[in-house]
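Asks: Going letter by letter, the sequence shown gives residues 1 to 188 in the UniProt record's numbering. Built from N, CA and C at the ideal position, the CB exists for glycine as well. This one's a predicted model, so the numbers in the text were calculated from it and none came from an experiment.
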Amino acid sequence: MNLLFRLMRVFLVSRFVRKRTFLETAILSFRVWPTDLDINAHMTNSRYYSFMDLGRIDHVLRTQVGDYVLKHRLNFIVGGGMTRHRHAMNPFQKFTLHSQILGWDARWFYMEHRMKSEDGKELCVSFFRSAFLRKGRIVPPAELLELSGLDLSSPALPDWIAEWNDVDRKAAEYVPPSPATPAVREAA
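1. Based on DSSP bridge pairs, tell me the residues matched to GLU112.
2. Classify ILE57 as helix, strand or coil using the three-state DSSP reduction.
3. My guess is that ARG20 and ALA26 are in contact by the Cβ rule of under 8 Å, so how many angstroms apart are they, rounded?
4. With distances taken between CB atoms, is the gap from ARG129 to TRP108 smaller than 7 Å?
5. Among residues of its own chain, excluding the 5 on either side of GLY79, which ones have a beta-carbon nearer than 7 Å to its beta-carbon?
6. Which residue wins for smallest C-alpha separation from ALA106, given the options LEU37, SER153 and ALA41?
7. Are there 16 or more other CB atoms within 10 angstroms of the CB of TYR48, so buried, or fewer, so exposed?
8. State the CB to CB distance for the pair LEU74 and LEU133, rounded to an integer number of angstroms; the pair is presumed to be in contact (CB under 8 Å).
9. Around the C-beta of ILE57, are 16 or more other C-beta atoms found within 10 angstroms, so that it is buried, or is it exposed?
10. Please report the straight-line C-alpha distance between SER50 and LEU3, rounded to a whole angstrom.
11. Helix, strand or coil for PHE51 per DSSP?
12. Taking C-beta to C-beta, are SER117 and PHE95 nearer than 7 Å?
13. Counting C-beta neighbours from all protein chains within 10 Å, is the total for VAL167 16 or more, i.e. buried, or is it exposed?
14. Could you tell me the alpha carbon to alpha carbon distance between MET89 and GLN64, rounded to whole angstroms?
15. Can you tell me the Cα-Cα spacing of ASN40 and ALA171, whole angstroms?
16. Can you tell me the Cα-Cα spacing of PHE5 and ALA142, whole angstroms?
17. In this structure, how does DSSP classify THR83 when only helix, strand and coil are distinguished?
18. Would you mind sorting VAL32 into buried or exposed? The rule is 16 or more other CB atoms within 10 Å of its CB.
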């Protein structure tokens, strides 16, 4: 997390504003500062993910889950993600980050992040699967919600989430050919 002052703001604000429901969309407002830029003078790709970290942290802190997570010192991890950058973000541009839980399965929470310009134009959309760890082990989402005092069932997950998990599993099993394989020698 390299947005220390913005992170401190998220923590402070979360203590003084109303709690939100777990499935409610969280909205944060930001501005692109010169320290967020890359050599091309637009927001660097890695900064998008840092802002999304802030969105996940804000979402958790402002729900009942946050109280439990802080009290029991659970760690919040990301297990995978995919992003589509639609428009560059320019210096001093204002934008909002909309973060929402799509649902969960036996292992992961699935979350959507949308960055939008002041006029509502979608700048970036990302999807992440995240989990909470207790002593290095994933706490099943249903268990965490119950321990947090919430009686919720997951909304129906979009079909593409199962497909995403399947592709991710296949990619993890993929072993690239070594340079000594005949296919590589023939191409050379």
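Replies: On the basis of the data shown:
1. For the purposes of this step, residue 112 is identified with residue 112 of the sequence shown, where counting begins at 1. The partner list for GLU112 (beta bridge, DSSP) reads GLN100 and PHE127.
2. As a working note, residue 57 is residue 57 in the sequence shown. Looking at ILE57 - three-state DSSP - the assignment turns out to be helix.
3. Along the sequence shown, one-based indexing puts residue 20 at 20. Along the sequence shown, one-based indexing puts residue 26 at 26. Sure, about 7 Å apart at Cβ, within 8 Å.
4. Counted from its first residue, the sequence shown places residue 129 at position 129. Counted from its first residue, the sequence shown places residue 108 at position 108. A contact, by the Cβ cut-off of 7 Å.
5. As a position in the sequence shown, residue 79 is number 79, starting the count at 1. For GLY79, the CB contacts under 7 Å within the same chain, skipping 5 residues up- and downstream, are TRP108, ARG129, SER130 and ALA131 in chain order.
6. Counting from 1 along the sequence shown, the entry for residue 106 is found at position 106. Nearest C-alpha to ALA106: SER153.
7. Taking the sequence shown and counting its residues from 1, one reaches residue 48 at position 48. Looking at its Cβ environment, which holds 16 or more other Cβ atoms inside 10 Å, TYR48 is buried.
8. For the purposes of this step, residue 74 is identified with residue 74 of the sequence shown, where counting begins at 1. For the purposes of this step, residue 133 is identified with residue 133 of the sequence shown, where counting begins at 1. That pair is a contact at about 6 Å.
9. Along the sequence shown, read from residue 1 onward, the residue named residue 57 stands at position 57. Taking a 10 Å sphere around the C-beta of ILE57, we find 16 or more other C-beta atoms and assign the residue as buried.
10. By 1-based counting over the sequence shown, the position of residue 50 is 50. By 1-based counting over the sequence shown, the position of residue 3 is 3. Annotation: SER50 to LEU3 spans about 7 Å, alpha carbon to alpha carbon.
11. As a working note, residue 51 is residue 51 in the sequence shown. Reduced to three states, the DSSP call for PHE51 is helix.
12. What you label residue 117 is simply residue 117 of the sequence shown in a count that begins at 1. What you label residue 95 is simply residue 95 of the sequence shown in a count that begins at 1. Against a cut-off of 7 Å, the Cβ pair of PHE95 and SER117 comes out as a contact.
13. For the purposes of this step, residue 167 is identified with residue 167 of the sequence shown, where counting begins at 1. Here VAL167 is exposed. Its C-beta has fewer than 16 other C-beta atoms within 10 Å.
14. Taking the first residue of the sequence shown as 1, we reach residue 89 at position 89. Taking the first residue of the sequence shown as 1, we reach residue 64 at position 64. The straight-line gap from Cα to Cα measures roughly 33 Å.
15. Numbered from its first residue, the sequence shown carries residue 40 at position 40. Numbered from its first residue, the sequence shown carries residue 171 at position 171. The straight-line gap from Cα to Cα measures roughly 31 Å.
16. Taking the first residue of the sequence shown as 1, we reach residue 5 at position 5. Taking the first residue of the sequence shown as 1, we reach residue 142 at position 142. In a straight line, the C-alpha of PHE5 is about 33 Å away from that of ALA142.
17. By one-based count along the sequence shown, residue 83 stands at place 83. In the structure shown, THR83 sits in a strand (DSSP, three-state: E or B).
18. Position 32 of the sequence shown, counted from the first residue, corresponds to residue 32. Under this definition VAL32 is a buried residue.
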